[in-house]
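Residues -24 to -1, 1 to 423 (mature numbering (1 follows the signal peptide of the UniProt record, and there is no 0)) make up the sequence shown, in order.
Virtual Cβ for every residue (Gly too), placed ideally from N, Cα, C.
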Amino acid sequence: MLRGLTRRQVLAAGMMAATAPVLAGCFGAGRGPGAVMEQPSGDVPAKFADRLRVVLWSNWTSHNAEVLQRNIDAFHEAQSDIFCEIQIFEGYDKVEAKLAASLQARQVPDISVLSDVVWNRFYLADALEPLTGYFDDSFGTDAFDERFLAEGTVKDDVWWLPFGRSTPLFYYNRDLFADVGLPDRAPKTYDEYREWGKELAGYSADGHAVSMRAYTGGDDWYFQGSTWAFGGGYSDGLDMRLTSDATVAALEFDRAFIHDDGAGYLSNDPSGDFVAGTTATILESTGALTSVTEAAEFEVGCGFLPGQATTGVPTGGGGLAVLRYASDERKKAAWEVIKFLTSGDASVDWTVGTGYMPTTTVAKESDEIRRRAAENQNYQVAIDQLATAQGPDIVRRYVPECLPEAKNAIQAVYSGGADPESSLSTMASNLELSIDRIRPQFEERVN
């Protein structure tokens, strides 16, 4: 029942690893304060030809891309000086790789969407514009959720604004749970989760066996959360905690859940399997809540992630950054675009349209979002769980090699039943040189 990785997942991991040396060499002589790089080429519709062009690089495709474009269209209608062109690179990894390459080529967009485990690296390389000075009385830092804003703040300057943020939720098939006799809620602990997996053993629906959980090996986001729940983590600052007993116990739980109990399996598409009824539960982003609910032909339940020694809820998703090497005129125009997207109706429309967390005061307090949470308690669960969420550990955030190494470790355990302690020891050993490489910059620019 174990499933292999897609070619796309393998390429993505390789791309992330390749980004590290490219990014490290992006900045040399002649690229200090005041240096300006050209924009990437693109197309400007004739009716906007007399406007100042702003280029926004985005990872979002399909429905979310349509929502973003709808709000940019509204921005074009609301003023007559700026045209914003969205250029799409599918997935955070491709935006990261393209941005690193563009810096080498001395071309930069004005705004880039960067993930929560990518923006810090461009900050460390001095590629981002500090945004604190752009706020004023009409649009201050209080426009944003304090917790999310803090994740984009280093040394009292804001570098990355929350936009498209999420946490994982525990999704479960309420109809199936009722049929098996399981409680209509999320498990309180991972131990309870494992017991429920054993109770589900042998259950089938529509002629096919149903597992308790479909795992994804292409994203270590969920494993970051479980390391915290078990009392461990990736690192304390730049000091690794991968081989601590608690971190090993988190991965040992997954090994036993999959290989000893037969309650889980590695899937290429956990959400698709959940909607199809192949798996009873998944750990999935809050950003998938709308699409999963609409696609499922059963009642979808949501709850907090399981705890163990403590809670373990990682924040994730994207944010907006302005590139330092855009001209002053382009940076000011970029700020106008960001201000429009993160305030007023556009902020509410983005939250409702995508299912991402409300990250602005306007969105959190809007009648539309309050009404949606009242009509479907799953949305309220997502908001409530935010109180226990936290940003990624430092090594996961600042060391580019961490993610592909983590994926290698968890995939070895998920797919082949490798020894968790040995897998995490190998990961830690492989990261030592990478941590030493960024330590001087980190100590200077972060500590």
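Buried/exposed call for residue i, threshold 16 Cβ in 10 Å
| i | result |
| --- | --- |
| Lys23 | exposed |
| Thr254 | buried |
| Asp21 | Looking at the sequence provided, one finds Pro at residue 21 rather than Asp. Pro21 comes out exposed. |
| Thr117 | exposed |
| Gly140 | buried |
| Ala81 | exposed |
| Asp195 | buried |
| Asn423 | exposed |
| Gly128 | buried |
| Pro246 | buried |
| Ala76 | buried |
| Gly4 | Annotation note: pLDDT 43 at Gly4 (below 50); position unreliable, coordinate value reported separately. The residue is exposed, with fewer than 16 neighbouring Cβ atoms inside 10 Å. |
| Asp369 | buried |
| Ala190 | buried |
| Arg347 | exposed |
| Ser261 | buried |
| Thr165 | exposed |
| Asp412 | exposed |
| Pro334 | buried |
| Phe229 | buried |
| Lys307 | buried |
| Ser399 | buried |
| Ala25 | exposed |
| Glu72 | buried |
| Ala126 | exposed |
Reference residue i; option with closest CA among the options
| i | options | result |
| --- | --- | --- |
| Glu381 | Arg373, Thr402, Ala394 | Thr402 |
| Glu105 | Asp321, Asp113, Val84 | Val84 |
| Ala205 | Glu270, Phe280, Asp69, Asp304 | Phe280 |
| Ala154 | Leu100, Val276, Arg170 | Val276 |
| His235 | Lys174, Tyr210, Phe120 | Lys174 |
| Gly248 | Asp325, Arg231, Thr335, Glu273 | Glu273 |
| Leu176 | Glu168, Met13, Met188 | Met188 |
| Ala285 | Asp215, Pro246, Gly263, Ala222 | Ala222 |
| Ala50 | Gly207, Gly393, Gly320 | Gly320 |
| Met216 | Arg415, Gln15, Val422, Pro290 | Arg415 |
| Gly240 | Gly67, Asp395, Val389, Ser56 | Val389 |
| Gly213 | Phe111, Gly367, Leu227, Asp160 | Gly367 |
| Ile345 | Ala256, Thr327, Ala181, Glu377 | Thr327 |
| Gln55 | Asp369, Phe316, Ala365, Asn354 | Phe316 |
| Ala256 | His184, Ala339, Glu66 | His184 |
| Glu420 | Arg306, Asn406, Asp237, Asp102 | Asp102 |
| Ser180 | Thr165, Glu168, Val156 | Val156 |
| Cys378 | Gln353, Ser405, Ala11, Ala365 | Ser405 |
| Ala339 | Val324, Gly207, Val71, Ala349 | Val324 |
| Glu312 | Glu42, Asp167, Asp133, His52 | His52 |
| Ala11 | Phe111, Asp395, Arg300 | Arg300 |
| Gln353 | Asp112, Phe250, Leu265 | Leu265 |
Sub-8 angstroms separation of residue i and residue j beta-carbons
| i | j | result |
| --- | --- | --- |
| Pro144 | Gly109 | no |
| Ala322 | Asn47 | yes |
| Val224 | Glu408 | no |
| Trp95 | Ala297 | yes |
| Gly292 | Thr203 | no |
| Leu100 | Phe418 | yes |
| Ala162 | Pro290 | no |
| Asp86 | Ala358 | no |
| Ala226 | Gly238 | no |
| Lys383 | Gly193 | yes |
| Leu158 | Val186 | no |
| Thr318 | Thr337 | no |
Cβ-Cβ separation, residue j to residue i (assumed contact under 8 angstroms), whole Å
| i | j | result |
| --- | --- | --- |
| Ser391 | Leu218 | So it is not a contact: roughly 19 angstroms between Cβ atoms. |
| Tyr210 | Arg372 | 5 angstroms |
| Ser342 | Val375 | About 38 angstroms; that fails the 8 angstroms criterion. |
| Tyr147 | Ile258 | 5 angstroms |
| Leu107 | Phe120 | With a Cβ gap of about 11 angstroms, Leu107 and Phe120 do not count as contacting. |
| Ser88 | Trp33 | 4 angstroms |
| Arg27 | Ile64 | Actually they are not in contact, since the Cβ atoms of Arg27 and Ile64 sit about 21 angstroms apart, beyond 8 angstroms. |
| Arg170 | Phe98 | Arg170 to Phe98, Cβ: 40 angstroms. No contact. |
| Val31 | Gly18 | 6 angstroms |
| Ser91 | Tyr68 | 4 angstroms |
| Arg150 | Leu362 | So it is not a contact: roughly 23 angstroms between Cβ atoms. |
| Ser142 | Gly329 | Their Cβ separation, rounded to whole angstroms, is 14 angstroms, which puts Ser142 and Gly329 out of contact at 8 angstroms. |
| Gln356 | Ala365 | Wrong, their Cβ atoms sit about 15 angstroms apart, outside the cutoff. |
8 angstroms Cβ cutoff, residue i in contact with chain B
| i | result |
| --- | --- |
| Asp182 | No chain B is part of this structure, which consists of one protein chain only. |
beta-carbon residue i near the ligand GTP non-hydrogen atom, thresh 7 angstroms
| i | result |
| --- | --- |
| Arg123 | Here there are no bound small molecules, and the ligand GTP is not part of this structure. |
Alpha helix (DSSP H) segments (min. 4 residues) lying fully within the stretch 8 to 61: 38 to 54
query: Which ranges does the beta strand (DSSP E) cover as unbroken runs of at least 3 residues, wholly within the stretch 261 to 305, from first to last along the chain?
result: 276 to 279, 292 to 298
Segments of 4+ residues assigned as alpha helix (DSSP H) that fall wholly inside the stretch 66 to 99: 68 to 80
query: Can you list, in chain order, the stretches of the alpha helix (DSSP H) that have 4 or more residues and sit fully within the stretch 215 to 257?
result: 221 to 231, 246 to 252
task: Any chance you could list the alpha helix (DSSP H) runs of at least 4 consecutive residues sitting entirely within the stretch 128 to 169, in chain order?
output: 150 to 156
message: To test your reading of the DSSP string, which unbroken beta strand (DSSP E) runs of 3 or more residues are found completely within the stretch 172 to 196?
response: 187 to 191
field: Ranges of the alpha helix (DSSP H) found wholly within the stretch 346 to 390, counting only runs of at least 4
entry: 353 to 361, 370 to 374
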